[in-house]
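Following: one structure in structure tokens, then a few remarks.
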Amino acid sequence: MARQYSQREKENMILEFKNSNLKMQNFVVPYDISYQAFARWCKQYDQFGSSGLSGTDKVENQRIKELEKK
Numbered sequence: 001m002a003r004q005y006s007q008r009e010k011e012n013m014i015l016e017f018k019n020s021n022l023k024m025q026n027f028v029v030p031y032d033i034s035y036q037a038f039a040r041w042c043k044q045y046d047q048f049g050s051s052g053l054s055g056t057d058k059v060e061n062q063r064i065k066e067l068e069k070k
């Protein structure tokens, strides 16, 4: 079973990655995270900040609210 990472752990990993010179494929190896999952976390973090890492439903609901405002 895959390990569950908290919102804070995900954010710390993303910040560590952004401050490293590693390619994403190499960065995720020691954490045993798939490239796809980590890329998704990074995208959510870039779009919504740390709140985007709390769960997919919250991110989707936040995006819907943003689109409804337009």
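For the sequence shown, UniProt numbering assigns the number 1 to the initial residue and increments by one for each residue that follows.
In this text, a Cβ means the ideal position worked out from N, Cα and C, and glycines have one as well.
Kindly indicate the opening and closing residues of the alpha helix (DSSP H) around Tyr35. 35–48
Whose C-beta lies closer than 7 Å to the C-beta of Ser50 among residues of the same chain, with five residues either side of it excluded? Gln7, Glu11
Alpha carbon of Gln4 to alpha carbon of Ser54, nearest angstrom: 11 Å
Suppose the cutoff is 7 Å on Cβ atoms and the five residues either side in sequence are ignored; what does the same chain contact list for Phe38 look like? Met24, Val28
Specify, as a first and last residue, the run of the alpha helix (DSSP H) that Leu15 falls within. 7–18
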